[in-house]
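To start, the structure itself, in structure tokens.
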Amino acid sequence: DGGITQSPKYLFRKEGQNVTLSCEQNLNHDAMYWYRQDPGQGLRLIYYSQIVNDFQKGDIAEGYSVSREKKESFPLTVTSAQKNPTAFYLCASSIGQGLATNEKLFFGSGTQLSVL
Amino acid sequence: AQSVTQPDIHITVSEGASLELRCNYSYGATPYLFWYVQSPGQGLQLLLKYFSGDTLVQGIKGFEAEFKRSQSSFNLRKPSVHWSDAAEYFCGSRDDKIIFGKGTRLHILP
Numbered sequence: 001d002g003g004i005t006q007s008p009k010y011l012f013r014k015e016g017q018n019v020t021l022s023c024e025q026n027l028n029h030d031a032m033y034w035y036r037q038d039p040g041q042g043l044r045l046i047y048y049s050q051i052v053n054d055f056q057k058g059d060i061a062e063g064y065s066v067s068r069e070k071k072e073s074f075p076l077t078v079t080s081a082q083k084n085p086t087a088f089y090l091c092a093s094s095i096g097q098g099l100a101t102n103e104k105l106f107f108g109s110g111t112q113l114s115v116l
Numbered sequence: 117a118q119s120v121t122q123p124d125i126h127i128t129v130s131e132g133a134s135l136e137l138r139c140n141y142s143y144g145a146t147p148y149l150f151w152y153v154q155s156p157g158q159g160l161q162l163l164l165k166y167f168s169g170d171t172l173v174q175g176i177k178g179f180e181a182e183f184k185r186s187q188s189s190f191n192l193r194k195p196s197v198h199w200s201d202a203a204e205y206f207c208g209s210r211d212d213k214i215i216f217g218k219g220t221r222l223h224i225l226p
């Protein structure tokens, strides 16, 4: 089945530690996104990538990093510089290529990150 | 700058009553707008989207939304809500990136 997979479902981070959240899609989508969800804050865009080997900062990129070495993978690293990392992280993908009429975000099931 | 505003954080309606969730956008060109729903313990599901054409858009689960350029709005409506509609609703827009409002949590009274 085609879809978007996030792992792990739950993740714990110690002080000063970097952690990486995985996001894989087999939908052959060009565009991928990372969102952070906090109660009352909605979905805030961290980073997005419209094509392999290219990505752009979203609205809250500080303390995060990403890579897009493969079309199907868009891992997110939460660095020690992110002082308030506890949140629910959602990865999404879309067909991209400016085909807005076909645009639809496919979301993963999310990763809950907590600080120990 | 591209932005989406959902003025209502919480909305409570009685089962069977009509519903309208507000969404305002800030956008320079023709907007691409959509609504997603997130039910408890479930992922996000697309309800409907607008890109061009008819400004009244029909979606799934009996929802519709109307694009009003003069008001920069894309409000979501349903004529009669069901208890299963209790969820969080997100309005969003697409330019070079896809962004969302802060969401409106819908509570249903029996």
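Protein sequences, first through last, are from chains A and B.
Using the working numbering, the letters of the first sequence map in sequence onto residues 1 to 116.
Using the working numbering, the letters of the second sequence map in sequence onto residues 117 to 226.
Backbone N, C-alpha and C define an ideal beta-carbon position, used for all residues, glycine too.
Q. Taking three-plus beta-carbon pairs below 8 Å as touching, is the region 125-143 of chain B in contact with the region 183-199 of chain B?
A. yes
(Q) Looking at Glu69 (chain A): is its Cβ nearer than 8 Å to the Cβ of Glu24 (chain A)? (A) As a working mapping, residue 69 (chain A) is identified with position 69 in the first sequence. As a working mapping, residue 24 (chain A) is identified with position 24 in the first sequence. Not closer than 8 Å, so no.
Q. Can you list, in chain order, the residues of its chain whose CB lies under 8 Å from that of Trp199 (chain B), leaving out five sequence neighbours each side?
A. Position 83 of the second sequence holds residue 199 (chain B). Excluding residues within five positions, the ones whose Cβ falls inside 8 Å are Glu131, Ile224 and Pro226.
Q | Cutoff 7 Å; reference Pro85 (chain A); Cβ partners in own chain excluding five residues on either side | A | Along the first sequence, read from residue 1 onward, the residue named residue 85 (chain A) stands at position 85. Excluding residues within five positions, the ones whose Cβ falls inside 7 Å are Arg13, Val78, Leu113 and Val115.
Q | CB of Leu43 (chain A) within 8 Å of CB of Phe190 (chain B), strictly | A | As a position in the first sequence, residue 43 (chain A) is number 43, starting the count at 1. As a position in the second sequence, residue 190 (chain B) is number 74, starting the count at 1. For Leu43 (chain A) and Phe190 (chain B), no; Cβs fall outside 8 Å.
Q. To the nearest whole angstrom, what separates the beta carbons of Phe179 (chain B) and Tyr166 (chain B), a pair I think is in contact under 8 Å?
A. Along the second sequence, read from residue 1 onward, the residue named residue 179 (chain B) stands at position 63. Along the second sequence, read from residue 1 onward, the residue named residue 166 (chain B) stands at position 50. That pair is no contact at about 12 Å.
Q: Using a cut-off of 7 Å between C-beta atoms, extract the partners of Phe107 (chain A) located in chain B.
A: Residue 107 (chain A) sits at position 107 when you count from the first residue of the first sequence. Listed along the chain, the chain B residues whose CB falls inside 7 Å of the CB of Phe107 (chain A) are Gly159 and Leu160.
Q. What does a CB cutoff of less than 6 Å around Arg221 (chain B) pick up in its chain, not counting 5 residues either side in sequence?
A. As a working mapping, residue 221 (chain B) is identified with position 105 in the second sequence. Result list for Arg221 (chain B): His126 and Glu204, in chain order.
Q.
With a threshold of 8 Å between beta-carbons, can Gln112 (chain A) be considered close to chain B, or not?
A. For the purposes of this step, residue 112 (chain A) is identified with residue 112 of the first sequence, where counting begins at 1. The beta-carbon of Gln112 (chain A) is placed no less than 8 Å from the nearest beta-carbon of chain B.
Q. Going along chain B in order, which residues have a C-beta closer than 8 Å to the C-beta of Gly42 (chain A)?
A. As a position in the first sequence, residue 42 (chain A) is number 42, starting the count at 1. Under the 8 Å cutoff, chain B gives Gln122, Phe206, Phe216, Gly217, Lys218 and Gly219.
**Q.** Residues of its chain near Val52 (chain A), where Cβ-Cβ distance is below 6 Å and the 5 sequence neighbours each way are ignored
**A.** Taking the first residue of the first sequence as position 1, residue 52 (chain A) is located at position 52. These residues qualify, in order along the chain: Arg68 and Lys71.
Q. So, is the C-beta of Arg185 (chain B) closer than 8 Å to a C-beta in chain A?
A. To locate residue 185 (chain B), count along the second sequence from 1; it is residue 69. By this cut-off, Arg185 (chain B) is not an interface position.
(Q) Quick check on DSSP: helix, strand or coil for Arg44 (chain A)? (A) The count along the first sequence starts at 1 and reaches residue 44 (chain A) at position 44. Here Arg44 (chain A) sits in strand by DSSP.
Q: Please say whether Ala81 (chain A) and Gly63 (chain A) have beta carbons closer to each other than 8 Å?
A: For the purposes of this step, residue 63 (chain A) is taken as residue 63 along the first sequence, with counting starting at 1. For the purposes of this step, residue 81 (chain A) is taken as residue 81 along the first sequence, with counting starting at 1. It is a contact, given that the beta carbons lie within the stated cut-off.
Q) Taking the C-alpha atoms as reference points, what is the distance between Phe88 (chain A) and Asp212 (chain B)? A) Numbered from its first residue, the first sequence carries residue 88 (chain A) at position 88. Numbered from its first residue, the second sequence carries residue 212 (chain B) at position 96. When only Cα atoms are considered, Phe88 (chain A) and Asp212 (chain B) end up about 24 Å apart.
Q) Just reading off the beta strand (DSSP E) that Gly208 (chain B) is part of, what are its end residues? A) Residue numbering aside, residue 208 (chain B) sits at position 92 when the second sequence is read from its first letter. Run containing Gly208 (chain B): Ala203 to Arg210, per the beta strand (DSSP E) assignment.
Q: Consult DSSP for Arg185 (chain B) and reduce its assignment to one of helix, strand or coil.
A: Looking up residue 185 (chain B) in the second sequence gives position 69. Arg185 (chain B) falls in the helix class under three-state DSSP.
Q: In angstroms with no decimal places, state the Cα-to-Cα distance between Val308 (chain B) and Leu164 (chain B).
A: Because residue 308 (chain B) is not part of the residues shown, which for chain B are 117 to 226, the question remains open.
Q.
By the three-class DSSP mapping on this structure, what secondary structure does Lys194 (chain B) have?
A. Your numbering for residue 194 (chain B) matches position 78 in the second sequence. Correct three-state label for Lys194 (chain B): strand.
Q: For chain B, find out if any of its Cβ atoms is closer than 8 Å to the Cβ of Glu62 (chain A); answer yes or no.
A: Your numbering for residue 62 (chain A) matches position 62 in the first sequence. Chain B contact via Cβ: absent.
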